[in-house]
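Residue numbers (this note's numbering), protein chains in the order written: chain X, 235 to 596; chain Y, 390 to 532. All residues carry an ideal CB built from backbone N, CA and C; glycine is no exception.
1) Identify the residues that DSSP records as bridge partners of residue 470(X): which are they?
2) Checking 9 Å against the spacing of the C-beta atoms, do residue 505(X) and residue 330(X) come in under that value?
3) Would you verify that the beta carbon of residue 353(X) is, or is not, closer than 9 Å to some beta carbon of chain Y?
4) Any residues in the region 448-473 of chain Y with a beta carbon nearer than 7 Å to a beta carbon of chain X? Which ones, in chain order?
5) Starting from the C-beta of residue 434(Y), find all residues in its chain whose C-beta is less than 7 Å away, skip the five residues before and the five after it, and write them out in chain order.
6) Is residue 530(X) helix, strand or coil by DSSP?
7) Using the rule of at least 16 other Cβ atoms within 10 Å of the residue's Cβ for burial, across every protein chain shown, is residue 494(Y) buried or exposed?
8) So with Cβ pairs under 9 Å, would you call residue 374(X) a contact of chain Y?
9) Counting only beta-carbon separations shorter than 9 Å, does residue 474(X) have a partner in chain Y?
10) Buried or exposed: which applies to residue 461(Y), given that a residue is buried once 16 or more other Cβ atoms fall within 10 Å of its Cβ?
11) Which ranges does the alpha helix (DSSP H) cover as unbroken runs of at least 4 residues, wholly within the region 409-468 of chain Y, from first to last along the chain?
12) So, are the CB atoms of residue 372(X) and residue 412(X) less than 9 Å apart?
13) How many Å lie between residue 500(Y) and residue 476(X) at the Cα?
14) Using CA atoms only, rank isn't needed, just tell me which of 529(X), 370(X) and 551(X) is closest to residue 435(X).
15) Given residue 530(Y), which residues of its chain have a CB within under 7 Å of its CB, disregarding the five upstream and five downstream residues?
16) How about residue 522(X) and residue 414(X): do their beta carbons lie closer than 9 Å?
17) Using DSSP with H/G/I as helix, E/B as strand and the rest coil, what is residue 339(X)?
18) Considering only the alpha carbon of each residue, which of 489(Y), 473(Y), 474(Y) and 429(Y) lies closest to residue 480(Y)?
19) Of the residues that make up the region 400-430 of chain X, which ones have a beta carbon closer than 8 Å to any beta carbon in chain Y?
20) Give me the subset of the region 506-524 of chain Y whose CB atoms are less than 9 Å from a CB atom of chain X, sorted by chain position.
21) Would you list, in chain order, the members of the region 447-462 of chain X that have their beta-carbon closer than 8 Å to a beta-carbon of chain Y?
22) Distance, Cα to Cα, residue 502(Y) vs residue 528(Y)?
23) Within 9 Å of any Cβ in chain Y, is that where the Cβ of residue 511(X) sits?
24) Nearest to residue 361(X) by alpha carbon, out of 398(X), 407(X), 335(X) and 338(X)?
25) Please state whether DSSP places residue 314(X) in a helix, a strand or coil.
26) Tell me whether residue 582(X) is buried or exposed, calling it buried when 16 or more other Cβ atoms sit within 10 Å of its Cβ.
27) Within a Cβ cutoff of 7 Å, which residues of the same chain sit near residue 528(X), ignoring the five residues on either side of it in sequence?
28) DSSP three-state call for residue 424(X): helix, strand or coil?
29) Can you list, in chain order, the residues of its chain whose CB lies under 6 Å from that of residue 447(Y), leaving out five sequence neighbours each side?
30) Taking only heavy atoms of the ligand MN into account, decide whether any of them is closer than 8 Å to the Cβ of residue 474(X).
31) Does the Cβ of residue 510(X) have 16 or more other Cβ atoms within 10 Å, making it buried, or fewer, making it exposed?
32) Between residue 433(Y) and chain X, is the shortest Cβ-Cβ distance under 9 Å, so that the two count as touching?
33) Which chain Y residues sit within Cβ distance under 8 Å of residue 385(X)?
34) Would you please verify whether the beta carbon of residue 396(X) is less than 9 Å from any beta carbon of chain Y?
35) Determine, for residue 389(X), whether the minimum Cβ-Cβ distance to residues of chain Y falls below 9 Å.
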């Protein structure tokens, strides 16, 4: 497959060209709006959200997952938001680099494709706010809590959660109780001079031994038959093992799996906050192209080379329950003690009997 | 045994039997008490999603919303539901057949159905009906 390549050290020109590449790429997981504030291109009067194609980058190196996604301004006014489940507590949430996502799209797209308000720190509802960050017109809050805690926090902060949110939040909270809520103020974006299509990249750094990429959340608010499309780029030290395996028929497809080129790594490393990019790596592109009903899982990644991606991380199995402390059954205990007692008596009798038959002086 | 003694014993036995079976004076007051039917909302679904109640007897529905989002319980015929699908009332509660249940809360409503019918109970918040928040209420004669 021919791939478009990005050449040249000119970041300004690069950004201009890459803007074309961004036209198919967009933000993550928009789901809600405050009824009072809902308006504009993304939010319909019934709370429906017009999703654009999502592009996400998950890099994993030295036990740290770097998750880069972009929130794209699609015009209109008011506020809307998203909730993203995370595999662990981030150490930082900062503005992402300007061209990382676009550069990744260039790396894997065939040539014919190219032609074409700050949250309160008070925890009144059970969810704990671990971090509050403002990036451009985005108010980002990292939350810790169970499904009900997160749902109630979101509702109290003006998010209008769709009907499937309780089940989906529960799906994630059973594995990781860390969520990232982002509220996007379209009026503020307009005031900042952001144009329709401008993206605000966000770079989340998460130390974790168990990286995964949330996919099920992409279907939030959609009916089972509605399409979900997204591009997920992975950069790992070794060729990763993925679960579920992208077969195409299961809603995810492997579009690229190759050693990352020096040019790509150099370009990515030169972007803001991307100096962690290693000297070598493996690039994988997984295209999500299915229906919301198909996406009842996440993408588990084993980047260690061991080839054992976690079924729990993929949402295909529940974390093992803690050992159950069963109450002691006294009758069984007494029977067991009786057997032990009989055994000890027996051993004692055998011993004394042998002692009695032991030859004198031996 | 004299007749009077047999009568006393008979009343005594009847009293014990009545006390044991709960019939008697209590039965009169219980007959007017509403039938209580609990409904749980979990993951945006009703449980149970099929209920049968008798004609002419008061029924108290105790609706518990375990979800972190708001829901509705609106019972009625097809025409009523069609109106609600395009309705704009943000909150219900003015009618006993139209109840809003805020997140993580419980609401009670008592209804006496006058005639046999088959109705539906539906949550008309956006997307909830499509997600499966639909139940069937059968009002059976002779209850």
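The answer reads as follows:
1) 294(X) and 516(X)
2) Their beta carbons are under 9 Å apart, which means residue 505(X) touches residue 330(X) by this criterion.
3) With a pLDDT of only 36 at residue 353(X), under the threshold of 50, the placement of this residue in the model should not be trusted; the figure read from the coordinates follows. With 9 Å as the cut-off, residue 353(X) does not count as an interface residue toward chain Y.
4) 456, 457 and 458
5) Answer for residue 434(Y): 521 and 522, listed in chain order.
6) coil
7) Of the other Cβ atoms in all chains shown, fewer than 16 fall within 10 Å of the Cβ of residue 494(Y); this residue is therefore exposed.
8) no
9) Chain Y contact via Cβ: absent.
10) buried
11) 414-421
12) Cβ atoms of residue 372(X) and residue 412(X): not closer than 9 Å.
13) Near 55 Å, if we compare the C-alpha coordinates of residue 476(X) and residue 500(Y).
14) 370(X)
15) Here the set comprises 444 and 505.
16) no
17) The answer is helix: DSSP assigns residue 339(X) an H, G or I state.
18) 489(Y)
19) 400, 401, 403 and 404
20) Of all residues in the region 506-524 of chain Y, 512, 514, 515, 516, 517, 518, 519, 520, 521 and 522 have a Cβ within less than 9 Å of some Cβ in chain X.
21) 455 and 457
22) If you take the alpha carbons of residue 502(Y) and residue 528(Y), they lie about 7 Å apart.
23) no
24) 407(X)
25) strand
26) The predicted model places residue 582(X) with a pLDDT of 39, which falls under 50 and marks its position as unreliable; any figure quoted below should be read in that light. Flag for residue 582(X) reads exposed.
27) 484 and 485
28) Helix at residue 424(X).
29) 423, 499 and 501
30) Only the bare structure without any ligand can be found here, which leaves the ligand MN out of the picture.
31) exposed
32) Chain X, which has a Cβ nearer than 9 Å to the Cβ of residue 433(Y), makes this yes.
33) 456, 457, 458 and 492
34) yes
35) Chain Y contact via Cβ: present.
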